[in-house]
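In what follows, a structure is listed as structure tokens, so that the remarks can point back to it.
In my numbering, the protein residues as written are -15 to 106.
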């Protein structure tokens, strides 16, 4: 996981193109392959978790901070009035591409809820 680009962002070894927020615990930045007009990723800086599966009860405050930061960013960007989506993909079947815990904030357009197109497990 130390070779994950998000790990390198969290440790300050690399910088994302557009940072939306940063403090000592969280980093929020634009997704380089956006699925909506606004697509921001929020990652923890001080916890090296592959996914939500590795979380413990001690990480609940961290997850709450990630969600609250997404809410503040959505407010700042004017997304709250029409709505937005928060998503955490978990593992390959859940659509997780980067093996580092991250929260997606998507908005700025009507988002489809159609999950009828999927690949069956073999």
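All residues carry an ideal CB built from backbone N, CA and C; glycine is no exception.
Because the structure is a prediction, the values reported are computed rather than measured.
| Item | Value |
| --- | --- |
| Roughly how many whole angstroms lie between the Cα atoms of residue 102 and residue 78? | Reliability of the predicted coordinates at residue 102 is poor, the pLDDT of 47 falling under 50, and the value obtained from them is presented with this limitation in mind. In a straight line, the C-alpha of residue 102 is about 11 Å away from that of residue 78. |
| Residue 54: buried (16+ other C-beta within 10 angstroms of its C-beta) or exposed? | buried |
| Taking the alpha carbon of residue -4 as the reference point, which residue from 27, 16, 49 and 51 has its own alpha carbon closest? | 27 |
| Cα separation between residue 34 and residue 49? | 18 Å |
| Which class does residue 40 belong to by DSSP, given the choice of helix, strand or coil? | coil |
| For the beta strand (DSSP E) that residue -9 lies in, which residues bound it at each end? | Not the beta strand (DSSP E): residue -9 falls in the alpha helix (DSSP H), residues -11 to -6. |
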